[in-house]
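Residue numbers (my numbering): 53 to 451. For glycine and all other residues, C-beta sits at the position ideal for the given N, C-alpha and C. Take a look at the structure set out below.
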Amino acid sequence: MISLDRAHKILFKNLPNPGAEEVFIEDAIGHILAENLKSTVSMPPFNKSAVDGYACNHKYLRHVPAQFRSIGSIEAGGSFDKKPEPGDCVKIMTGAAVPEGFDSVIMIEDTEPAGNKVIMKKKVNGGANIARKGEDLRKGEIVLKKGEEIYGPEVMIAASLGRRKISVYKKPEIGVLNTGNEIVDPPQKLSGNKIFNSNGPLIVSILKNLHLKVTYLGIAKDREPVLHKKITEGLKKDILIISGGVSVGDYDLVPPVLKKAGVRILFHTVKMKPGKPILFGVKGKTIVFGLPGNPNSNFLATQLFIVPAIKKMMGYPDYGLKVQEGFINEDFYQKKGRKHFVLIKINRIEERSVLSPVKSHGSADVPSLSSSDGFMILDENSAFFKKGAKVPFITWKKI
53 MISLDRAHKI
63 LFKNLPNPGA
73 EEVFIEDAIG
83 HILAENLKST
93 VSMPPFNKSA
103 VDGYACNHKY
113 LRHVPAQFRS
123 IGSIEAGGSF
133 DKKPEPGDCV
143 KIMTGAAVPE
153 GFDSVIMIED
163 TEPAGNKVIM
173 KKKVNGGANI
183 ARKGEDLRKG
193 EIVLKKGEEI
203 YGPEVMIAAS
213 LGRRKISVYK
223 KPEIGVLNTG
233 NEIVDPPQKL
243 SGNKIFNSNG
253 PLIVSILKNL
263 HLKVTYLGIA
273 KDREPVLHKK
283 ITEGLKKDIL
293 IISGGVSVGD
303 YDLVPPVLKK
313 AGVRILFHTV
323 KMKPGKPILF
333 GVKGKTIVFG
343 LPGNPNSNFL
353 ATQLFIVPAI
363 KKMMGYPDYG
373 LKVQEGFINE
383 DFYQKKGRKH
393 FVLIKINRIE
403 ERSVLSPVKS
413 HGSADVPSLS
423 SSDGFMILDE
433 NSAFFKKGAK
443 VPFITWKKI
């Protein structure tokens, strides 16, 4: 049995480096950028009007109202070739290029038409209501940096630069396998001493939230030939996640079956509570996780090991746990020897996170998990934590 810190070091050391691929920008959301994206054009690429109005030269607006001669109009995407004379103006739409000879735009509501003339009712300074060429972005400037996560705005930027494809880190393909004679998936009905499978939907939903391709491999009964067949199928993926069957009971067959399938187990059991019997191994370029079957342990192991590992493989520069600090609102006792993750409710009081331990009947108590906001992390060398003590915590909710 090894410490959590040691387990993390082994895990991250043995993950494959992220590979890159080109994808269409429409498919890029949820990926991590694998290149520095440089601007091939200035933005805006020309002086453009920021409003609907009239382009003019402000030096002829010393006194208002002032009368100008309208010599045409220009829409966004259009062109205008006439050379203006003193006192000329041109009607212009938002986004249109400001023609040479004009240095300002007067908003339409500050003007009044008078035949082929326009009365300007308000003074403006040079450059008024004009977005200058390159003021948002200069040609050659890095717009998006390698390692940034791509959302909608990043897609818009890439499109604005004329990119159809961009280089991103590949996402791993993942197989999720549940084990156990006691669990069933809906719509199968419960009979005897069966229970519904909650771990499978949990893991799959967390991974899909990362925009990952996940294959649910179903439930393998606790029989070696069945388990071996399913594991062999799952080893074709980049990552195989197995839920249940990793402890030391008579029906915990996952470790020996993995070894027979050629998986090299790098650690099995970690000094933590809950979640002690977690397993990590590799076979070729495939990595394998064996998670405890109890739901709360399963959820914690997913947060501590699987999500950070996948983020590192996807190219996230910051893939580690987001650990915060809070204050316990009651005295708390624990047994020494293992890092203890205690379910908590989190309240924000005067800019402090106040942590209230949630009563739980053990790592199979799903309702206690659903009524919690996170886990506080208690050091394995301490048995008592006084009310008001500062401790680290993790959360899966926004607080």
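| My guess is that Ala118 and Met159 are in contact by the Cβ rule of under 8 Å, so how many angstroms apart are they, rounded? | Going by Cβ atoms, the distance from Ala118 to Met159 rounds to 15 Å, so no, they are not a contact pair.
| field | Bridge partner(s) assigned by DSSP for Asp104 | value | DSSP, once it has assigned bridges, lists no residue as partnering Asp104.
| So, Thr230 versus Ile271, is the Cβ gap smaller than 8 Å? | For clarity, residue 230 is Asn in the given sequence; the question names Thr instead. Yes, the pair counts as a contact, with Cβ atoms nearer than the cut-off.
| said: Going by C-alpha to C-alpha distance, which of Ser91, Asn346 and Cys108 sits closest to Asn181? | reply: Cys108
| What are the start and end residues of the alpha helix (DSSP H) that includes Ser422? | Val418 to Ser422
| If you pair each beta-carbon of the stretch 114 to 131 with each one of the stretch 236 to 251, do three or more pairs fall below 8 Å? | no
| Mind pulling the alpha helix (DSSP H) runs of 4 or more residues that sit fully within the stretch 311 to 396? | 347 to 353 and 359 to 365
| Just to confirm, are Lys223 and His83 a CB contact at a threshold of 8 Å? | yes
| query | When DSSP labels each residue in this structure, what does Thr284 get in the three-state scheme? | reply | helix
| message | At the level of alpha carbons, what is the spacing between Asp383 and Leu430? | response | 13 Å
| task | Could you name the residues that DSSP lists as bridge partners for Gln119? | result | Ile171
| task | Below 7 Å CB to CB, which residues in the same chain sit around Leu113 once its five sequence neighbours on both sides are set aside? | result | Met172, Lys175 and Val176
| Hey, would you say Ile295 sits closer than 8 Å to Gly252, going by beta carbons? | Before going further, note that residue 295 is Ser rather than Ile in the sequence given. Taking 8 Å as the Cβ cut-off, Ser295 and Gly252 qualify as a contacting pair.
| task | Count the other C-beta atoms from every protein chain shown that fall within 10 angstroms of the C-beta of Lys364, then say buried if there are 16 or more, exposed otherwise. | result | buried
| request: On a CA-only basis, which of Leu189, Ile235, Lys439 and Ala353 is nearest Ala210? Give me that one, please. | output: Leu189
| task | Alpha carbon to alpha carbon, how far is Lys289 from Val406? Give it in angstroms, no decimals. | result | 42 Å
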